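Trainee:
In my numbering, the protein residues as written are 2 to 153.
(1) Classify residue 133 as buried or exposed, calling it buried when 16 or more other Cβ atoms lie within 10 Å of its own Cβ.
(2) Apply the 10 Å Cβ neighbour rule to residue 145 and answer buried if 16 or more other Cβ atoms are within range, or exposed otherwise.
(3) Look at the alpha carbon of residue 84 and the alpha carbon of residue 137, and state the distance between them as a whole number of angstroms.
(4) If you draw a straight line from the alpha carbon of residue 130 to that of residue 82, how long is it in whole angstroms?
(5) Just list the alpha helix (DSSP H) runs in the stretch 62-129, keeping only unbroken ones of 4 residues or longer that don't cross its boundaries, in chain order.
(6) Please report the straight-line C-alpha distance between residue 112 and residue 118, rounded to a whole angstrom.
(7) Leaving out five residues before and five after residue 86 in sequence, what residues of the same chain have Cβ atoms less than 6 Å from its Cβ?
(8) Have a look at residue 2 and residue 76 and give me their C-alpha separation to the nearest angstrom.
(9) Could you tell me the distance, in whole angstroms, from the CA atom of residue 31 to the CA atom of residue 102?
(10) To the nearest angstrom, report how far apart residue 110 and residue 149 are at their CA atoms.
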């Protein structure tokens, strides 16, 4: 295995992809839970506290998606690699929440569990696609800027 593929380059494209992915996933989560499902009305503690915790969680999730899309050694375009990474990450996150009983519902039905699982996998997959696509995009911009500076 070529170890250079496992090298994480903490440069501007990585950080830009990470932050944009975080903002996208946080906004998507708020839209889903706060607007469409109105789950935030079921929270028994201050909503601001919940939103700060959710922001911290999505900050970590977006880092993981961006990191994995960049360093995993299989040869795919970055947005495809992000999709391949994102769906299992979404599944894993849902399983953690399910095992620990983290839910907006006290007695969820099987239909609710499957729907929520599907949403988490979808959200992870979309997050992975965004992270991988942005890594490609910002990497391309950085390389073009480097070429432009070298030619002047």
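Glycine is no exception: its CB is placed at the ideal position from the N, C-alpha and C atoms. Just so we're clear, the structure is a prediction, and the values are computed from it rather than from any experiment.
Mentor: Put simply:
(1) As a first step, residue 133 must be located in the chain shown, where it is residue number 132. Burial call: buried.
(2) Counting from 1 along the chain shown, the entry for residue 145 is found at position 144. The residue in question, residue 145, is exposed, as its Cβ has fewer than 16 Cβ neighbours within 10 Å.
(3) As a first step, residue 84 is located in the chain shown; it is residue number 83 there, counting from the start. As a first step, residue 137 is located in the chain shown; it is residue number 136 there, counting from the start. Cα-Cα distance, rounded: 14 Å.
(4) The residue you call residue 130 lines up with position 129 of the chain shown. The residue you call residue 82 lines up with position 81 of the chain shown. Distance between the alpha carbons of residue 130 and residue 82: 8 Å.
(5) 79-100
(6) Here residue 112 corresponds to residue number 111 of the chain shown, with the count starting at 1. Here residue 118 corresponds to residue number 117 of the chain shown, with the count starting at 1. Going by the C-alpha atoms only, they are around 10 Å apart.
(7) In the chain shown, residue 86 corresponds to position 85, counting from 1. Correct list, in chain order: 69, 70, 129.
(8) The sequence position of residue 2 within the chain shown is 1, counting from 1. The sequence position of residue 76 within the chain shown is 75, counting from 1. Only weak support exists for where residue 2 lies, its pLDDT of 44 falling under 50; the value from the coordinates is given anyway. C-alpha separation (whole angstroms): 12 Å.
(9) Along the chain shown, one-based indexing puts residue 31 at 30. Along the chain shown, one-based indexing puts residue 102 at 101. Taking the straight line joining both Cα atoms gives about 20 Å.
(10) The residue labelled residue 110 in the question sits at position 109 within the chain shown. The residue labelled residue 149 in the question sits at position 148 within the chain shown. Cα to Cα, residue 110 sits roughly 58 Å from residue 149.
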